[in-house]
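Engineer: Mind looking over this structure? Questions follow.
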Amino acid sequence: MASTLHTYAPPRGSPTRPTRPRRARAALALWTGAAAVALTASALALVRPGDPAPVTTTPPPAVTVTIPATAPVRTAAVPSPTLPEYEKEYENVRFTLPGGPPCTDFSHFQDGIDLTPAGPKVTVGSNGDLVYDCYDDQVAKLTVWDVTGQEALLDGPADPAACVDAVNLNPLGSSLTFARMRTGMGLCVVTEDHQVVHLRLLRKSAATHALTWSATAWAQG
Numbered sequence: 115m116a117s118t119l120h121t122y123a124p125p126r127g128s129p130t131r132p133t134r135p136r137r138a139r140a141a142l143a144l145w146t147g148a149a150a151v152a153l154t155a156s157a158l159a160l161v162r163p164g165d166p167a168p169v170t171t172t173p174p175p176a177v178t179v180t181i182p183a184t185a186p187v188r189t190a191a192v193p194s195p196t197l198p199e200y201e202k203e204y205e206n207v208r209f210t211l212p213g214g215p216p217c218t219d220f221s222h223f224q225d226g227i228d229l230t231p232a233g234p235k236v237t238v239g240s241n242g243d244l245v246y247d248c249y250d251d252q253v254a255k256l257t258v259w260d261v262t263g264q265e266a267l268l269d270g271p272a273d274p275a276a277c278v279d280a281v282n283l284n285p286l287g288s289s290l291t292f293a294r295m296r297t298g299m300g301l302c303v304v305t306e307d308h309q310v311v312h313l314r315l316l317r318k319s320a321a322t323h324a325l326t327w328s329a330t331a332w333a334q335g
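Residues in the sequence shown are numbered consecutively from 115, following the numbering used here.
Right, dumping it as structure tokens:
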């Protein structure tokens, strides 16, 4: 009797789902367990016995710093150099030195001028703070005595500070001769009593050697 081989065909509409062998599922379970153990061991290896537990730090809150506006810098005032003070004693006081005849071996003259706080005082035939004379050398000249101070020529207006500068920087150093004198010239004298005198020549006479001056003076503080 012939045998008939029957083949099983799954019904339509039911998908066929492959199943894994049991060995494969067991191997996968073992591998997964081993991986978990390895990870646990690694984590434990990072923490040594006695180490403190990890601390989670929280960053501090931001601090806002307010910088005040820069205050204006105040600099100390540098005092200016103290300048001498001058107190005017008199102004434009006229006086005349009479002189005399032409200077010769037989003709002489001498006029003394005292510089007082009230004004110049002229004494004929005498000495003074300034002496205008003609003697042995036959040259008429005006001399400031060494015990009185120094003199210097100064063009321009009468000014005490300018006079002091002229005397300190460019003193005349010798008598002022009649020949060097010219109308309108200025002559400064600073005495040892700290009196500053400005003399301006108003007139000169070639015949008599007479000189007319205008004087202004200051007391130096």
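Glycine residues also receive a C-beta, built at the ideal position from the N, C-alpha and C atoms.
Looking at the unbroken beta strand (DSSP E) that takes in residue 206, where does it start and where does it end?
Structural biologist: 200 to 211
Engineer: Give me the Cβ distance between residue 242 and residue 251, rounded to the nearest whole Å; I'm assuming they're in contact under 8 Å.
Structural biologist: Rounded, the Cβ-Cβ distance is 20 Å, inconsistent with contact.
Engineer: State the DSSP-derived secondary structure class of residue 271, mapped to helix, strand or coil.
Structural biologist: coil
Engineer: By how many angstroms is the C-alpha of residue 263 removed from the C-alpha of residue 307?
Structural biologist: 9 Å
Engineer: Please return the same chain residues whose Cβ sits closer than 6 Å to the Cβ of residue 255, not counting the five positions on each side in sequence.
Structural biologist: 289 and 291
Engineer: Let me know the secondary structure DSSP gives residue 317 once reduced to three states.
Structural biologist: Residue 317 sits in a strand when the DSSP states are folded into three classes.
Engineer: Tell me whether residue 246 is buried or exposed, calling it buried when 16 or more other Cβ atoms sit within 10 Å of its Cβ.
Structural biologist: Residue 246 is buried by the Cβ-count criterion.
Engineer: Which residues does DSSP pair with residue 297 in a beta bridge?
Structural biologist: Paired residue(s): none; residue 297 is not in a bridge.
Engineer: Suppose contacts are defined by Cβ-Cβ distances below 7 Å. Is residue 207 in contact with residue 225 by that definition?
Structural biologist: no
Engineer: In chain order, what residues of the same chain have a beta carbon less than 7 Å from the beta carbon of residue 201, not counting five sequence neighbours either side?
Structural biologist: So the qualifying residues of the chain are 332, 333 and 335.
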